[in-house]
Amino acid sequence: MNTKLIISIAKSLLIARWRQTMVAAMGVTFGITMFITLLSFMSGLNDMLDNLILNRTPHIKLYNEIKPSNIQPIQLSKKYAGSYAFIHSVKPNSSRLELYNNGAILNTLKKDNRVSGIAPKITAQVFYNIGSIDITGVINGIDVEAENRLFFFSDYVTTGKFIDLINVPNSIILGKGAAEKMLANIGDVIQVTTVKGDIMPLKVVGYFQSGLQDLDKVQSYTSLATAQKLLGKPNNYVTDIQVKLKDMTLAPMIAKEFSTLFGCDAEDIQTANSQFETGTNVRTLISYAVGITLLIVAGFGIYNILNMMIYEKMDSIAILKATGFSGFDVNRIFITIALTIGFIGGFLGLIFGFFLSAAIDQIPFNTSALPTITTYPINYNPKFYFIGTIFSLITTYFAGLFPARKASKIDPVIIIRGK
Amino acid sequence: MEIVLEAKHIYKSFHDPVTVPILKDVSFNISKGDFVSVIGKSGCGKSTLLYILSTMDTDYEGELFIDGELMRNKKEKQLASVRNEKIGFVFQFHYLLNEFSVLRNVMMPGLKLGKYSEQEVEHRAIQKLKMLGIESEAMKLANQLSGGQKQRVAIARALINDPLIIMGDEPTGNLDKKNSTIVFDIFKELAEVYNQTLLIVTHDNEFAQSTHRIIEMEDGRIIR
Ligand SMILES: Nc1ncnc2c1ncn2[C@@H]1O[C@H](COP(=O)(O)OP(=O)(O)O)[C@@H](O)[C@H]1O
Ligand SMILES: [Mg+2]
């Protein structure tokens, strides 16, 4: 009953001062609009940049690093068990790039229910032969279908069809940069030399563009079978196993587990790309900081207008108190006014924010680095709208707090006597 | 006779910048149905006394009982509900809420009390307006009325919760002769016909003479 009365008084005061109310609400609307737009846009950019890396990066990569053995022969000798050995210039003994027993590893991974997908891979250093010049490159032998499913391979094949890697024997998809260097067109046959000196002709069936120029100058893709043939290895030869997890955040932990379980190296995505997370965090932080600043400015607007309103309405406040409204009731009236301004302003801000970000979403944005992007990226995460609503209510609440307290403290005797 | 309001040894001083005593040992009581006027020279402390009696001013010494209850030590919120329920106040300046219609102004203390439903409060408000002959203005905004009409609305508002006592601080001080007479006649009617308890501060000796009892003040004391 009391609440209803207080709301009706607040409403009447608002309507009587609808011009000021609108100006105050517009401040909030502007703040929230910018907040939503900024966060949607920044977050869209973040997602785009992250996907550039994260889509193409396995959560865990199992491989064998070329490195000297941790245990040198002298340490196995019982004779010197208690001594400390200094060994200089240690070298790795052989380049054992192959993941041994990978069939068993694959089987184990398939049964692991934390794993959402696996794609075996062969990476091989090669030379692309252009006339008399050789340039270095890397050939990735991939399980074409698994690679596409887990890492959206087809998105990055800008010319040609990715599936031709399977359909056309001895085929290759060249990095765009590498292809330009070699002047290789679709359908051409190029020569590739392995580190061991074997030469193999491969037919170009497509170009590949990852968005990272340096990568595209070196990388190219063949099927697993072609890579095995190129290297003269049997058909169980694999150098890497790429794992995608259901929950990416578990990667560091699971990587350690796999490393000991399978006796190979395991690199998790967080370690491999720590700088990206930092960039993402900084961008998000900036958007929130700007958004909140705008809201605080809007909050001061509300504060001013409420103060003015209270100054104008001294008589009304005095009369309310004289006729039996308590300070608490008066306080609630002005808090209600503030929250109403916040709610209306905030709600309009959400709508405008949505349309503004939708408009940005229509602006063409073409860059050769990002073949899958055609317009500016926008993330329509409902989270931003939720946070925007909460923020608008919180700022207006605080903006209303002090004026409302001031109003509640007004002494009716002073006002009534003052006439 | 049932005592509605009792003041016992009320003292009040202002302290800016030097302490000036305004009310000195004011004691009296008002019984149910009393029609009392307070007269005295300007500046003798009549308004100050009325603000204390109406519970709006709590900074005094002495004891004030309303409806048998001691007002000291009551919290601000409790005092507000005492004013709401038991006291109707009419000021020299009508003090209506300009954002609201006349009817709504009259209803406001009734809605705050919450004793009756909104429809009942509205019904009662219309009755009070009828009693004061201004029901035709019910839907107008408060600031569209003349001074005399406004003061009658203020009286209707003071009546809405059937208060124990109505207090008026020079309620005709701002009105012309004709309207003053109307307002005084209303107070007389309330006292005689409806047995309403009234405490009215006034300058008008003629009106004071027509009340049941006159309290005369001089220099912060009651002299009669
Ligand atoms: N806030 C105040 N501070 C100091 N003195 C005051 C204050 N309010 C009123 N007074 C003084 O108190 C005295 C009584 O005032 P008041 O009660 O309004 O008189 P009345 O209503 O009888 O004309 C006056 O002398 C006035 O100057
Ligand atoms: Mg006075």
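Here the protein sequences come in this chain order: A and B. Going by this note's numbering, the first sequence opens with residue 609, and the numbers climb by one from there. Going by this note's numbering, the second sequence opens with residue 72, and the numbers climb by one from there. Cβ atoms here follow ideal geometry from the backbone N, Cα and C, with glycine treated the same way.
Cβ shell of residue i (< 8 Å), same chain only, five flanking positions each side left out
i: VAL734 (chain A); result: THR744, GLY745, VAL746, ILE747, VAL800, THR801, THR802, VAL803 and LEU838
i: LYS675 (chain A); result: PRO700
i: ILE824 (chain A); result: The residue asked about is misnamed: residue 824 (chain A) is Asp in this sequence, not Ile. Only GLY783, LYS784, GLY785, ALA786, PHE816, GLN817 and SER818 meet the Cβ criterion.
i: VAL723 (chain A); result: LEU717, VAL851, LYS852, LEU853 and LYS854
Start-to-end residues for the beta strand (DSSP E) that takes in residue i
i: VAL636 (chain A); result: Careful: VAL636 (chain A) lies outside any beta strand (DSSP E), inside the alpha helix (DSSP H) at 626-662.
i: ILE285 (chain B); result: 284-289
i: MET238 (chain B); result: 236-240
i: SER98 (chain B); result: 91-102
i: LEU820 (chain A); result: Premise fails: LEU820 (chain A) is in no beta strand (DSSP E) and is neither H nor E.
i: ALA727 (chain A); result: 723-738
i: ALA209 (chain B); result: Per DSSP, ALA209 (chain B) belongs to no beta strand (DSSP E) and is neither H nor E.
i: TYR984 (chain A); result: From DSSP, TYR984 (chain A) is part of no beta strand (DSSP E); its letter is neither H nor E.
i: THR830 (chain A); result: 827-831
C-beta neighbour in chain A for residue i, strict 9 Å
i: SER108 (chain B); result: no
i: PRO88 (chain B); result: no
i: LYS148 (chain B); result: yes
i: LEU269 (chain B); result: no
i: TYR166 (chain B); result: yes
i: GLY185 (chain B); result: yes
i: ASN276 (chain B); result: no
i: ARG154 (chain B); result: yes
i: MET179 (chain B); result: yes
i: GLU263 (chain B); result: no
i: ARG228 (chain B); result: yes
i: ASN266 (chain B); result: no
i: ASN169 (chain B); result: yes
i: LEU182 (chain B); result: yes
i: PHE160 (chain B); result: yes
Beta-carbon spacing of residue i, residue j below 9 Å
i: ASP105 (chain B); j: THR273 (chain B); result: no
i: SER125 (chain B); j: ALA926 (chain A); result: no
i: LEU914 (chain A); j: ALA1012 (chain A); result: yes
i: GLY814 (chain A); j: LEU858 (chain A); result: no
i: SER831 (chain A); j: ILE726 (chain A); result: no
i: ARG891 (chain A); j: MET642 (chain A); result: no
i: TYR984 (chain A); j: PHE962 (chain A); result: no
i: PHE759 (chain A); j: ARG627 (chain A); result: no
i: MET288 (chain B); j: ILE110 (chain B); result: yes
i: GLY909 (chain A); j: GLY635 (chain A); result: yes
i: ASN245 (chain B); j: GLN222 (chain B); result: yes
i: LYS991 (chain A); j: ILE918 (chain A); result: no
Short CB-CB distance (under 9 Å) between residue i and chain B
i: LEU956 (chain A); result: no
i: THR931 (chain A); result: yes
i: ASN610 (chain A); result: yes
i: ALA926 (chain A); result: yes
i: ARG722 (chain A); result: no
i: PHE951 (chain A); result: no
i: ARG627 (chain A); result: no
i: ARG940 (chain A); result: no
Per DSSP, cross-strand counterpart(s) of residue i
i: LYS79 (chain B); result: B:GLU134
i: VAL752 (chain A); result: According to DSSP, which records beta bridges pairwise, VAL752 (chain A) is partnered with nothing at all.
i: LYS811 (chain A); result: A:SER779 and A:VAL797
i: ARG292 (chain B); result: B:GLU289
i: GLU140 (chain B); result: B:ILE137
i: GLY768 (chain A); result: A:GLY814
Extent of the continuous alpha helix (DSSP H) to which residue i belongs
i: PHE994 (chain A); result: 990-1017
i: SER152 (chain B); result: 147-157
i: GLU788 (chain A); result: 784-790
i: TYR764 (chain A); result: 761-764
i: GLY111 (chain B); result: Per DSSP, GLY111 (chain B) belongs to no alpha helix (DSSP H); it is in the beta strand (DSSP E), 106-111.
i: GLN190 (chain B); result: 189-202
i: ILE668 (chain A); result: It is not in any alpha helix (DSSP H) - ILE668 (chain A) instead sits in the beta strand (DSSP E) that spans 668-671.
i: GLN970 (chain A); result: 935-970
i: GLU260 (chain B); result: 248-263
Same chain, Cβ closer than 7 Å to residue i, neighbours up to 5 away in sequence not counted
i: GLY840 (chain A); result: ASP806
i: MET808 (chain A); result: VAL800 and LEU838
i: ALA262 (chain B); result: PHE106 and LEU269
i: THR767 (chain A); result: ILE794, GLY814 and TYR815
i: SER102 (chain B); result: MET72, GLU73, ILE74 and VAL75
beta-carbon residue i near ligand 4 non-hydrogen atom, thresh 8 Å
i: MET922 (chain A); result: Summarising the ligand content, the structure contains ligand 1 and ligand 2 and does not contain ligand 4.
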